[in-house]
Structure formats: C-alpha cells, structure tokens
Amino acid sequence: MKDILKLSIGMLKQGLDKEEILRLINEKLELDHDYNDGTILGSMCTEPLEFGREVYLKYLSKNLGDPGLFPGTATLEKEIVSELGQLFGEQNIIGTLTTGGSEANLIAMRIAKKLHPNIEKPEVVAPESAHISFDKAADLLDIKLRKARLLNNYEVDLTHYKELINENTCGVIGVAGTTSLGLIDPIEEIGNFIKERNIFFHVDAAFGGFVLPFLKYLKYNIKLWDFSVKEVNSITADPHKMGLGLIPTGGFFVRNSQILNKTGFEIPYLAGGNFKHFHIVGTRPGGTVIAFWAIMKYLGLDGFIDVVKRCMENTHFLARKVAEINGIKLAAQPKMNVVGITTENGDSICKIDEELRKKKWMLGKFEDLNLIRVVVMPHVKKEHLAFFIEDLKKISKKLQIS
Ligand code: 0PR
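Numbering (the working numbering), first residue to last: 141 to 542.
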C-alpha cells in the first residue's frame, strides 16, 4: 500500500493550465542545444524541412504498424520506396521506412541470418568503421561480427576483410558514408569477391544515401556503392539524416521482393488484416512517412541536389581552413560533408575537443581514431564555420605553446 502511494506522488492530482505547462517545458528545454545557433557540429540530424513538419502535424496519429487500417499511407510509403530504389540504381525494389538506421541495419542482419538456416554459428564481416548498430544487431541475433581492420588512411584493409570471409559467413557489410569520416567502402570489390557465394551483402548508406546520389549529379567522381553493384542485396538510407525528414525516419531497401515472403513477420490478428513486414517495432509512425513523401515532392531532385551542394561548399571551406592551421590536419580528404580533424604530430585530440566544448562547440569525438568530426549538415552555415575556425586556431596555438 505504502509503495503504491509513493508511486503516485509524482503525478499532479489536478492538471495545470496549458500556458503554465508550456512555460515549464521551455524552462527545462533551455538546457538543450539548438541546431540553429550553429554550435551543433557533430550531429547527423538537422532541422527537418518546415513543410514536412506541417504535414507531420496533420497526420501524426497514422499507424503503419497496422497498414490495413491506413492503406493510403501504406501506398505513399510504397511510392517513396520505389522512387528511392530508382535513385539507388534499381527498378522494382521493395523496402520500408524504419525508426532509423539502427533498425534498418538490424533488419538486414536478421535477413542475412534467416537466409542461411544451415549455418550453425553465423558470422557477418564488416569493416571496423561500421556503425555501432551492427554490434547491437550481432548481440541481439547471436551473430559473430568479424571486423576488418582499417589502414592508416582509415579505409578498410580489403585483404583482411576478405580473409575474414569463410563458410560461416552469412552476410557482409559495406559502408557508404562511414560515421566517423564519411568514407565509402570498396563496394564493387567486395561484390566481386563474394560473387556466386550465396552471402547476403548489405550496404549501410544511412548517411550517404541522401548525399551520394546527388553528388553524382553534381559531377563528383563517386565510386559505385548502390544496387548498380549487382551483388548488393540491401541498403540502409535514412531520411532523418541528410533527407531533411522528421525524427524518426530511417529506410531499408532490398532488391529481391521474395525476401519479404521468406523472412517477414506476420501478425494475424490485426484490425486491418495480416501483412508481412520486416520491422522490429510494432506500432510505427505513419506521419513521418507522409511527411517524407511531401518532402520528396516539394524538394524534387533539384531541391535535394541544392541542399547537398551547399553542404559541400561549406565542407570545402572548412577543409581548406583546417589544412591551414598549424598543429592540426584533416584526417582524410572529405568524400562527403563529414570532416575529420586530427593532430599533426599524433598527440591526443582529446585536449582540443575539451577546449572546443568549453567554447560550446559540440563535435563528435572518435578516440580510437584520434579524431574529432564535424558533420556539415544543412543547419551549419559558413559564418558558423568561420567562428569555429577562429576558435580552433586559437586553441591549437595555445596548446602548442603550453
Ligand atoms: N549507420 C551509420 C553509417 C550511421 O552513421 C548511423 C548513425 C546509423 C547507421 C544508425 O542510425 P540511427 O541513429 O538512425 O539509428 N549515425 C550517427 C552517429 O552515430 C547518429 C547520430 C545522430 C549521432 C545525431 C549523434 C547525433 O547528434 O554519429
């Protein structure tokens, strides 16, 4: 009895008025960082497109966990998947929007295992630069994740990668836009190596999926990474990163439509009827899907190209300036709008990160690679980067003298 009373103490007996509630929320949210002030330099998320936000608010009760109740919403999802499939080099693919890249990668790992019921101790090979979601998936699915080491230039050591593939390998992973540096794995070479070997090949383009296709239109020289490599079976690409979608909107795309039949889950009792699905979650947002459909229609190819073009201009500006500062250097020449910064003499980057944080700059820090990461998202403007560079210059100078 005492415990029940204790539990109810936190909840108000009578509700407050809306104004007071909003005031309380705003007070708490003062603590949050704001994309628009330019200090968030280490995030792969950004402000969603305003029109997407408006659309989302209209339709946020739609639930694609029961698509039979919302067949119209499900149709919009199919249209998104079909258009993105073409953008990723294939007609007639299937797929689905997810809660993010982690769920999409988990789905891919599950499929790799499911398609190989005869492998008793399944293994998946991935580069060391693969996102943490693969470790999570391996843990959940009881798959052994074998990681290929990186070379000094942070690219995967392909010889080691190939050595890790054996008769227990049910899947291989390539990354098109690594989390730390935005680098692209040699997808074509991996494809060639596993040709005719019945190994599921998944490409994680959670970040790169909404950058690389547009870079191609901007005449960047991009190596093949998508369904145009015939051995690639599935791709992760997330609208809530460079697609300006709402959080959460990830994406999973698969070439062979039979895979859903072979590996999909079923929920027989749903009000709208039974549909096979890939998802780990049950109830899932329809509003974010409709919003992304609207974003795609609103921006069109030209709009997405423009977003990426501006991010790349700022990326080049930052990269040029970093290269001029004594004591630090680019970890790698940026392939997309991700810039890694490391020390020239191999000293730890942590001190610089600490000093930058004191000045409110929020970056990603990859201690194992000794680099800090700036993701030049659409909310990061040239003037923010100019301020950042001034601080970086001062900090680098100060640390060299001390
Ligand atoms: N694959 C890659 C290549 C990723 O970079 C990420 C996330 C994922 C998969 C997983 O995607 P979800 O986070 O949608 O599940 N990359 C970012 C990272 O870890 C996620 C992120 C976003 C981190 C915003 C911080 C942040 O402020 O860096």
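We put the CB at the ideal spot given by N, CA and C, even for glycine.
Tell me which same chain residues have a C-beta within less than 7 Å of the C-beta of E223, skipping the five on either side of it?
Within the sequence shown, the letter at position 83 stands for residue 223. If you ignore the 5 residues before and after E223, its C-beta comes within less than 7 Å of the C-beta of M436, all in its own chain and listed in chain order.
I'd like the span of the beta strand (DSSP E) that includes V448, first residue to last.
The sequence position of residue 448 within the sequence shown is 308, counting from 1. Segment 427-464 is the alpha helix (DSSP H) holding V448; no beta strand (DSSP E) there.
What do you reckon, is the C-beta of S242 under 7 Å from a heavy atom of ligand 1?
Looking up residue 242 in the sequence shown gives position 102. Flag set: Cβ of S242 near ligand 1.
Pair every Cβ in the segment 354-362 with every Cβ in the segment 389-408, then say whether three or more of these pairs are closer than 8 Å.
Touching, no, given that fewer than three Cβ pairs across the two stretches are closer than 8 Å.
Express the C-alpha separation of T389 and Y175 in angstroms, rounding to a whole number.
Here residue 175 is taken as the residue at index 35 of the sequence shown, counted from 1. Here residue 389 is taken as the residue at index 249 of the sequence shown, counted from 1. The straight-line gap from Cα to Cα measures roughly 18 Å.
Are G178 and H524 closer than 8 Å when you measure CB to CB?
The residue you call residue 178 lines up with position 38 of the sequence shown. The residue you call residue 524 lines up with position 384 of the sequence shown. Closer than 8 Å, so yes.
Give me the Cα-Cα distance between M141 and N258, rounded to the nearest whole angstrom.
Residue numbering aside, residue 141 sits at position 1 when the sequence shown is read from its first letter. Residue numbering aside, residue 258 sits at position 118 when the sequence shown is read from its first letter. The predicted position of M141 is uncertain, since its pLDDT is 47 and thus under 50; a value taken from the coordinates is nonetheless stated next. Within the model, the alpha-carbon separation for M141 versus N258 is close to 53 Å.
Between the segment 437-450 and the segment 349-357, do at least 3 Cβ pairs fall closer than 8 Å?
Judged by Cβ distances under 8 Å, the segment 437-450 makes contact with the segment 349-357, as three or more pairs qualify.
In the DSSP assignment, what are the bridge partners of L156?
Residue 156 sits at position 16 when you count from the first residue of the sequence shown. L156 is not bridged to any residue.
Pull up the DSSP beta-bridge partners for H342, would you.
Here residue 342 refers to the residue found at position 202 of the sequence shown. BP columns for H342 point to I313, S374.
Report the option in E328, L298, R497 whose CA atom is closest to the CA atom of R289.
Here residue 289 corresponds to residue number 149 of the sequence shown, with the count starting at 1. Of the listed residues, the one whose Cα sits closest to R289 is L298.
Work out the CA separation of K538 and T238 for me, nearest whole Å.
For the purposes of this step, residue 238 is identified with residue 98 of the sequence shown, where counting begins at 1. For the purposes of this step, residue 538 is identified with residue 398 of the sequence shown, where counting begins at 1. Near 46 Å, if we compare the C-alpha coordinates of K538 and T238.
Less than 8 Å between the beta carbons of S368 and G467, yes or no?
Sequence index remark: in the sequence shown, residue 368 carries index 228 (1-based). Sequence index remark: in the sequence shown, residue 467 carries index 327 (1-based). No; because the gap between Cβ atoms is not below 8 Å, this pair is not in contact.
Assuming K287 is part of the beta strand (DSSP E), what are its boundary residues?
Counting from 1 along the sequence shown, the entry for residue 287 is found at position 147. That run of the beta strand (DSSP E) goes 284-288.
Beta-carbon within less than 7 Å of E138's beta-carbon, same chain only, minus the 5 sequence neighbours each way: which residues are those?
Given a span of 141 to 542 for the chain in the structure shown, any question on residue 138 remains unanswerable.
What separation, rounded to the nearest whole angstrom, lies between the Cα atoms of V312 and E336?
The residue given as residue 312 occupies position 172 in the sequence shown. The residue given as residue 336 occupies position 196 in the sequence shown. Rounded to the nearest angstrom, the two C-alpha atoms are 14 Å apart.
N513 bridges to which residues according to DSSP?
Residue mapping note: residue 513 aligns to position 373 of the sequence shown, counting from 1. Contrary to the premise, residue 513 reads as Arg rather than Asn in this sequence. R513 is bridged to G480, G504.
Determine the contact status of L503 and V514, defining contact as a CB-CB distance below 8 Å.
Within the sequence shown, numbered from 1, the residue matching residue 503 stands at position 363. Within the sequence shown, numbered from 1, the residue matching residue 514 stands at position 374. Yes, the pair counts as a contact, with Cβ atoms nearer than the cut-off.
Mark T213 as exposed unless 16 or more other C-beta atoms lie within 10 angstroms of its C-beta, in which case mark it buried.
Translated into positions along the sequence shown, residue 213 becomes position 73. Within 10 angstroms of the beta-carbon of T213 lie 16 or more other beta-carbons, which makes it buried.
Regarding D174 and ligand 1, is the C-beta to nearest heavy atom distance less than 7 Å?
By one-based count along the sequence shown, residue 174 stands at place 34. Judged by the Cβ position, D174 fails to qualify as a neighbour of ligand 1 at the 7 Å threshold, every heavy atom of the ligand being at least this far.
With respect to 7 Å, is the separation between the Cβ of N510 and the closest non-hydrogen atom of ligand 1 below this value?
Within the sequence shown, the letter at position 370 stands for residue 510. Closer than 7 Å to some heavy atom of ligand 1: that does not describe the Cβ of N510.
Look at the alpha carbon of G314 and the alpha carbon of G443, and state the distance between them as a whole number of angstroms.
As a position in the sequence shown, residue 314 is number 174, starting the count at 1. As a position in the sequence shown, residue 443 is number 303, starting the count at 1. If I take the Cα positions, the gap works out to 28 Å.
Return yes when at least one heavy atom of ligand 1 lies under 7 Å from the C-beta of C185, else no.
For the purposes of this step, residue 185 is identified with residue 45 of the sequence shown, where counting begins at 1. Checking the Cβ of C185 against ligand 1 gives yes.
Could you check if Y409 is buried or exposed, using at least 16 other CB atoms within 10 Å of its CB as the buried criterion?
Against the sequence shown, residue 409 aligns to sequence position 269. Counting C-beta atoms within 10 angstroms of its own C-beta, Y409 has fewer than 16 neighbours from the protein chains shown and is therefore classed as exposed.
Determine, using beta-carbon pairs with one atom in the segment 277-284 and one in the segment 326-346, whether at least three such pairs fall under 8 Å.
The segment 277-284 vs the segment 326-346: no contact.
What residue from K499, V520, F415 has the CA that sits closest to F210's CA?
As a first step, residue 210 is located in the sequence shown; it is residue number 70 there, counting from the start. Minimum Cα distance to F210 is reached at F415.
Should K534 go down as buried or exposed, given a rule of 16 or more other Cβ atoms within 10 Å for buried?
Within the sequence shown, numbered from 1, the residue matching residue 534 stands at position 394. So K534 counts as exposed.
Is any non-hydrogen atom of ligand 1 found closer than 7 Å to the C-beta of S273, if you look at the structure I gave you?
Here the question's residue 273 lines up with position 133 in the sequence shown. The closest heavy atom of ligand 1 lies less than 7 Å from the beta carbon of S273.
So is the beta-carbon of N477 under 7 Å away from any non-hydrogen atom of ligand 1?
The count along the sequence shown starts at 1 and reaches residue 477 at position 337. Taking the Cβ of N477 as the reference point, every heavy atom of ligand 1 lies at 7 Å or farther away.
What is the DSSP secondary structure of P353, reduced to helix, strand or coil?
On the sequence shown, residue 353 is found 213 positions in, with the first residue counted as 1. DSSP places P353 in the helix class (H, G or I) of the three-state scheme.
Measuring straight from C-alpha to C-alpha, what distance separates P518 and T186?
Taking the sequence shown and counting its residues from 1, one reaches residue 518 at position 378. Taking the sequence shown and counting its residues from 1, one reaches residue 186 at position 46. Their Cα atoms are separated by approximately 7 Å.
Assign S488 to one of two classes, buried (16 or more other C-beta atoms within 10 Å of its C-beta) or exposed (fewer than that).
The residue labelled residue 488 in the question sits at position 348 within the sequence shown. With fewer than 16 other Cβ atoms within 10 Å, it is exposed.
Which residues share a DSSP beta bridge with T215?
In the sequence shown, residue 215 corresponds to position 75, counting from 1. Looking at the DSSP assignment, T215 forms no beta bridge with any residue, so it has no partner.
Opposing strand residues paired with A270 [DSSP bridges]:
Locating residue 270 in the sequence shown gives position 130, where the first residue counts as 1. Partner(s): none; A270 has no beta bridge.
So, helix, strand or coil for F418, using DSSP?
For this step, residue 418 is matched to residue 278 along the sequence shown. F418 falls in the coil class under three-state DSSP.
Tell me the rounded alpha-carbon separation between L285 and R163.
The sequence position of residue 285 within the sequence shown is 145, counting from 1. The sequence position of residue 163 within the sequence shown is 23, counting from 1. Cα-Cα distance, rounded: 48 Å.
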